[in-house]
Amino acid sequence: MDDLQRITDRLAITELLVRYCIALDHMALDDLAALFTPECRVAYGPDERLQSVGAAALRSSLERMWRWSRTSHHLSNVLIEFDDDDTASATSYVLAWHERADGSTATVYGQYRDRIVRLEGRWLIDERRMLMNGNDAGFTLELFNAERNPAPPGWIAPDLD
Amino acid sequence: MDDLQRITDRLAITELLVRYCIALDHMALDDLAALFTPECRVAYGPDERLQSVGAAALRSSLERMWRWSRTSHHLSNVLIEFDDDDTASATSYVLAWHERADGSTATVYGQYRDRIVRLEGRWLIDERRMLMNGNDAGFTLELFNAERNPAPPGWIAPDLD
Amino acid sequence: MDDLQRITDRLAITELLVRYCIALDHMALDDLAALFTPECRVAYGPDERLQSVGAAALRSSLERMWRWSRTSHHLSNVLIEFDDDDTASATSYVLAWHERADGSTATVYGQYRDRIVRLEGRWLIDERRMLMNGNDAGFTLELFNAERNPAPPGWIAPDLD
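See below:
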């Protein structure tokens, strides 16, 4: 695998992750489902209604996003590591803003942890697990928490705001 | 057009979009205007004061941003498609935070839809239309709404928060 | 320095900046310190407790982040310019969300201004200065303000929201 091909793959995988966000906010669920492998495993949180197996089930499950009147998913912090020529692990961050019909809002500061594979020449999401760094008071759904190392025993907070 | 040139173009176009945000927050309006073609057409919203033709008119129009005491424009979700060697269509997301002199704030979750052209070797924005995915209560200006497919007839919301 | 090497360097520097954010939210301080040169100079703000010299001192100083119960640092707007083959200047934006143990939150809209060097084949942060575009009411720490050109004398605000 030469350097130029690896760079091309990195850009294609980043574009895949971006297309997911754009399709989700558009509620273009057919476009969204086409970004996943037929056998994909996806878990947004511990509630079984937030988990699905297969692109068709994922498409159906994500109809739940219509309970929001508007959403905006902003992707950043894309980190890609290749396991082999056709398999990559990706971490990315998402700032996910949601609005209810009553005007109240809910924001999550999350991470996607993905396994991405090349299938018939196209990069697709084969596994996705969402983790939560943080959430505002309006977001009340239980998600998986991102890892955070605790302070060592006896650590004393500095007198900073 | 070889692969390496295409990658170079992608990075140059992304940098162009980033420079816009940095120049806008800096209110470096000459730097900002230099990122657009002389004949550019720009529409941030339906109000005609949010539309302009030409880089000089855009520069003048964007003086309106001084009505905010501070701003921060965070770009993400850059998606670029080439129409030909010297023309591209780009979608990007922006989280635009604004503060008034009285300390109140206004945040927009938006998209830029751009036509970008190579002119004398430099990529420049030739057409820009801004769309809004969402806004908080502090942002009261009317913008164009991004497309969002509605739920199918008879769709029932799941019992999720 | 050929074009392909420059692109590879750009992606490596972007990944370095992303790894910083991920390590910080994880409080993986050893991983974080390994992203800086041994002699790095870092200033997050005017308070001397927000400044450090050397990766070991930086690691120790950043233990202060444990005063937050959770954080999420979203990087965007990465702009890289090369000073020579092994030295680059980078500007990037960060949306930094912080939560206290009492549930109150603090958000900063900031910029990192970095000098980045290649040392034994790896890109590392040698100098970092953080600037603030804006902050919400919950964030009360004094930081350096980003530059913003003032309105010209006699400028009159338009009648826009």
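Protein chains in written order, with the working numbering: chain A, 124 to 284; chain B, 124 to 284; chain C, 124 to 284.
No residue lacks a Cβ here, since even glycine has one placed at the ideal position from N, Cα and C.
Inter-residue CB distance, residue i and residue j (contact presumed, cutoff 8 Å)
i: Trp189/B; j: Tyr232/C; result: So it is not a contact: roughly 18 Å between Cβ atoms.
i: Leu147/B; j: Leu155/B; result: 6 Å
i: Pro281/C; j: Arg172/B; result: 6 Å
i: Ala178/C; j: Thr160/C; result: 7 Å
i: Thr131/C; j: Asp207/A; result: With 8 Å as the limit, Thr131/C and Asp207/A do not qualify as a contact, their Cβ atoms being about 20 Å apart.
CB contact flag (residue i, residue j, <7 Å)
i: Cys163/B; j: His196/B; result: no
i: Ser215/C; j: Glu204/C; result: no
i: Met150/C; j: Asn272/A; result: yes
i: Ala166/C; j: Arg252/C; result: yes
i: Thr137/B; j: Val240/B; result: no
i: Val176/A; j: Leu198/A; result: no
i: Ala255/C; j: Leu264/C; result: Per the sequence shown, the amino acid found at residue 255/C is Met instead of Ala. For Met255/C and Leu264/C, no; Cβs fall outside 7 Å.
i: Arg129/C; j: Leu152/C; result: no
i: Leu158/A; j: Arg133/A; result: no
i: Arg193/A; j: Gly257/B; result: yes
i: Arg238/B; j: Asp249/B; result: yes
i: Asp259/C; j: Thr230/C; result: yes
i: Leu283/B; j: Arg187/A; result: yes
Buried versus exposed call for residue i [16 or more other C-beta atoms within 10 Å across all chains shown]
i: Ser227/C; result: exposed
i: Trp278/C; result: exposed
Bridge partner(s) assigned by DSSP for residue i
i: Ala229/A; result: His221/A
i: Glu250/C; result: Arg164/C and Arg238/C
i: Glu204/A; result: Ser212/A
i: Phe267/B; result: Leu254/B
i: Arg193/C; result: Glu222/C
i: Phe159/A; result: Ile248/A
i: Leu198/C; result: Val217/C
i: Ser175/A; result: Val165/A
Chain E within 7 Å of residue i, Cβ atoms only
i: Val141/A; result: Looking for chain E here will not work: the only protein chains present are A, B and C.
### Residues from the segment 244-261 of chain A in contact with chain C, defined by Cβ distance under 8 Å
For chain C, the residues of the segment 244-261 of chain A that bring a beta carbon within less than 8 Å of one of its beta carbons are Asn256, Gly257, Asp259 and Ala260, in chain order.
**Asked** Got a sec: which bits of the segment 126-137 of chain A sit with their beta carbon under 7 Å from any beta carbon on chain C, in order along the chain?
**Response** Those residues of the segment 126-137 of chain A that come within reach of chain C (Cβ to Cβ, closer than 7 Å) are Asp126, Leu127, Ile130 and Arg133.
| Quick one, which residues of the segment 149-170 of chain B are near chain A if we go by CB-CB under 8 Å, in chain order? | Those residues of the segment 149-170 of chain B placed with their C-beta closer than 8 Å to a C-beta in chain A do not exist.
For this session: Give, in chain order, every residue of the segment 191-207 of chain B whose Cβ lies closer than 8 Å to some Cβ of chain A.
Result: Listed in sequence order: His197, Ser199, Asn200, Val201 and Leu202.
* What residues in the segment 264-277 of chain C have a beta carbon less than 9 Å from any beta carbon of chain A? -> Correct list: Leu264 and Glu265.
Residues of the segment 207-219 of chain B with a CB closer than 8 Å to any CB of chain C: list them in chain order, please. Per Cβ criterion, the list reads Leu218.
Check each residue of the segment 229-241 of chain B: if its Cβ is closer than 9 Å to any Cβ of chain C, include it; give the result in chain order.
-> Residues passing the 9 Å Cβ filter: Ala229.
Just by C-beta distance, which residues in the segment 172-189 of chain A are closer than 7 Å to chain B?
Those residues of the segment 172-189 of chain A placed with their C-beta closer than 7 Å to a C-beta in chain B are Arg172, Glu186, Arg187 and Trp189, ordered along the chain.
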